[in-house]
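Have a look at the structure below, then the notes.
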Amino acid sequence: MKVMQVFMRNSLRNFNYILYSELNNKAIFVDPLDIDKTMPIAIAKGLEPAYLLNTHGHGDHTKDNKKFLESTNASHLQLDDGEEYQLSQRESIKAIHTPGHTKDGFCFVLMTDGKAHSVISGDTLFNAGVGNCKNGGDVETLYKTITEKISKFPDNLLVYPGHDYLLNNLEFAKTVEEDNEKINELIDIRKSQSMDDEFMVTSMKIEREINPFLRLEKLKTKTHHKDEKELFFELRSKRDQW
Ligand SMILES: [Fe+2]
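Everything in the sequence shown is counted per our numbering, starting at 19 for the first residue and increasing by one.
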């Protein structure tokens, strides 16, 4: 399964995704914010807009749901936790309920020939960060989702989040862990890129090196913290005020 990442060029820095099968050209539109931007891309590639998928119900992820469904023959995929949807003979999507940022949050793991290769992580997991809990979320639930589900994802998974917050998240991560060379290296790379035209795709392996919310065990030792959950709450609250 292929992933097209489309930057919405808005102040919230949303990404929309077009997931598609190379075998049957069927496309899944994820979190359509502005289909005037994504539809021409899909059409130019000869894709059939066949499905709609949402990572969660926030307005900046659902705005063009109706417009998309009314202007195509697409159906709205609503998968349960653990459910796998077969897009073609060889390609499937597995839904994982990941509440915390919102109650209804889902991540979607993309698989080809039964092998997971990417995750559409919505606003649950960002590059170098996690979603906030300000609008219908809950930090304790997010902690459980991150430590019990997200942290179990394999190293090779490529991470495709709902927003480009990479540079801000890295700058925050640096305040938590100044001597982390990987964080400094990625800050330099991100700063050398065009902010609106180039994007870095991280893997779970990289996330484990840079994302403070996935580094609780290491940070606990470094900061002489007693409790990982407490540390998670502290990080989330510091990032909210940062
Ligand atoms: Fe959100």
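Cβ coordinates follow ideal geometry from the N, Cα and C atoms, glycine included. The structure displayed is predicted, hence computed values, not measured ones.
Taking C-alpha atoms, which residue in S110, D182, E109, L143 lies nearest to G123?
Your numbering for residue 123 matches position 105 in the sequence shown. The option with the nearest alpha carbon to G123 is L143.
Within 10 angstroms of its Cβ, does E248 collect 16 or more other Cβ (buried), or is it exposed?
In the sequence shown, residue 248 corresponds to position 230, counting from 1. The residue in question, E248, is exposed, as its Cβ has fewer than 16 Cβ neighbours within 10 Å.
When the Cα of S106 is compared with those of I114, K84, E40, which residue comes out closest?
For the purposes of this step, residue 106 is taken as residue 88 along the sequence shown, with counting starting at 1. When each option's Cα is compared against that of S106, the closest is E40.
Among L176, N187, H243, which one has its Cα closest to the Cα of R208?
What you label residue 208 is simply residue 190 of the sequence shown in a count that begins at 1. Taking only the C-alpha atoms, the option nearest R208 is N187.
Counting C-beta neighbours from all protein chains within 10 Å, is the total for S136 16 or more, i.e. buried, or is it exposed?
For this step, residue 136 is matched to residue 118 along the sequence shown. By the neighbour-count rule (16 or more Cβ atoms within 10 Å), S136 is buried.
Does DSSP put N32 in a helix, in a strand, or in coil?
Residue mapping note: residue 32 aligns to position 14 of the sequence shown, counting from 1. Residue state, collapsed to three classes: strand.
How many angstroms separate the CA atom of K236 from the CA atom of P67?
By one-based count along the sequence shown, residue 236 stands at place 218. By one-based count along the sequence shown, residue 67 stands at place 49. Straight-line Cα distance between these residues: approximately 44 Å.
Please determine, among N42, S255, L232, Q259, the residue with the shortest C-alpha to C-alpha distance to K167.
For the purposes of this step, residue 167 is taken as residue 149 along the sequence shown, with counting starting at 1. Looking at the Cα atoms, L232 is the closest of the given residues.
Would you mind working out which of K20, R27, L97 sits nearest H181, comparing C-alpha positions?
What you label residue 181 is simply residue 163 of the sequence shown in a count that begins at 1. The residue with the shortest Cα to Cα distance from H181 is R27.
Mark H76 as exposed unless 16 or more other C-beta atoms lie within 10 angstroms of its C-beta, in which case mark it buried.
Your numbering for residue 76 matches position 58 in the sequence shown. Buried is the call here.
For ligand 1, is there any heavy atom lying closer than 7 Å to the beta carbon of G118?
To locate residue 118, count along the sequence shown from 1; it is residue 100. Flag unset: Cβ of G118 not near ligand 1.
Determine the extent of the beta strand (DSSP E) in which Y161 is found, giving its start and end residues.
Counting from one through the sequence shown, the residue named residue 161 turns up at place 143. Here Y161 belongs to no beta strand (DSSP E); instead the alpha helix (DSSP H) covers 157-166.
Give me the Cα-Cα distance between L51 and A134, rounded to the nearest whole angstrom.
Along the sequence shown, read from residue 1 onward, the residue named residue 51 stands at position 33. Along the sequence shown, read from residue 1 onward, the residue named residue 134 stands at position 116. Each residue's alpha carbon lies about 26 Å from the other.
How big is the Cα-Cα spacing for T130 and L70?
Stepping through the sequence shown from its first residue, residue 130 is reached at position 112. Stepping through the sequence shown from its first residue, residue 70 is reached at position 52. In a straight line, the C-alpha of T130 is about 20 Å away from that of L70.
Just the C-alpha distance for I114 and I138, rounded to the nearest angstrom, thanks.
Mapped onto the sequence shown, residue 114 falls at position 96. Mapped onto the sequence shown, residue 138 falls at position 120. Computed Cα separation, rounded: 10 Å.
Shortest alpha-carbon distance to L204 belongs to which of V194, T220, D215?
Counting from 1 along the sequence shown, the entry for residue 204 is found at position 186. Checking every option, the nearest Cα to that of L204 belongs to T220.
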